Amino acid sequence: VRCHAAGPGGRPLHVLIDTGTDPSAIDLTLARRLDLRIGDFALGSDAASDAVPFTETVLPWLRIGALTLRHLYLMAVDLSHAPFPVDVVLGYNVLHQLNLTIDYRRQTLRLCHSDLPPSPPGPRGVSLPLLFFEHFPAIHARVTAPHTAELLLTLDTGSNSALTLSPDLAATLGLDVQTTPATTGHGFTTTTPVVLGMAVDLQIGPFHLDGVAVDVPATHYGDLGRPGRANAGNRLLSRFRRVTLDYRRAVCVVEE
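Right, dumping it as structure tokens:
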């Protein structure tokens, strides 16, 4: 989920709204071009790697529509290898102060102050408890086929996948990752082999979703390779008309 924003430097910025990352990030080349103050480098992680060089900085301001964010704490990392243009990534340290609504049918994004409650669900919607896996927003879900399992499903608007399962969860569900050819998956800065070609049926609240495509990292590196990870990306989330995350009230609204 991306949008354009105004910020220092005089040109529109490509901003990724990524509920699956923390903290937020800025491209290192852009940070240097804007002459932002940066510190020493250390190693962090992204979806695919545990060895991502980063440093810390602060962006004075960023304006998305009518919303202006000031003094944003960011990691400065090399985002040039991302699979699409991105200058700034807004993650948990910013998003948890806001309400986020993504209307996948209309392809619109709403960010507003957390004092403003989100719209209640319509007749084909439901409010679900919003939980957290570390700092990643999550909901309860249930795999109903080919085998059954309860999942703590993280909601990741920075992922283009449908359902990403860690290798241990895939094994628990009896998915045959050994005989399925691998392709390449992308984090912000690195790539990793990913096994495709599998599917499960999923129950989220009252909604039953058939044939949800599954991918499984072929390594245990990065955030998505950690044990117990079940991650819903935009290919899954966009099967709903609208998704709202209210961090402050711990509510997730999904609507068909």
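Count along the sequence shown starting at 1, add 212, and that's the number in the numbering used here. For every residue, glycine included, the Cβ atom is placed at its ideal position computed from N, Cα and C. Note that this is a predicted model, so its numbers are computed, not measured.
- Using a C-beta cut-off of 8 Å, the stretch 446 to 458 makes contact with the stretch 303 to 319, since at least three inter-stretch Cβ pairs fall below that distance.
- Under DSSP, no beta-bridge partner is assigned to I250.
- The beta carbon of R354 sits closer than 6 Å to those of E362 and Q415, all from its chain and outside the five residues before and after it, given in chain order.
- DSSP places N305 in the uninterrupted alpha helix (DSSP H) bounded by Y304 to L307.
- In this structure, the alpha-carbon of D427 lies about 16 Å from that of H359.
- Take C324, set aside five residues on each side of it, and the residues of its chain with a beta-carbon closer than 6 Å to its own are N311, in chain order.
- Closest in C-alpha terms to T267, from the list L281, I276, L274 and L286, comes L286.
- Every beta strand (DSSP E) of 3 residues or more that sits fully in the stretch 339 to 365 is shown, in chain order, as 343 to 345 and 348 to 357.
- DSSP places A411 in the strand class (E or B) of the three-state scheme.
- At the C-beta level, G423 and A411 come within 8 Å of one another.
- Rounded to whole angstroms, the Cβ separation of L271 and L248 is 7 Å, and the two are in contact under 8 Å.
- For the set H283, A243, V301 and L381, the Cα lying nearest the Cα of H216 is the one of V301.
- In chain order, M410 place their CB closer than 8 Å to the CB of D388, counting only its own chain and leaving out the 5 sequence neighbours on each side.
- Here V338 is actually not in contact with I276; their C-beta atoms are around 28 Å apart, not less than 8 Å.
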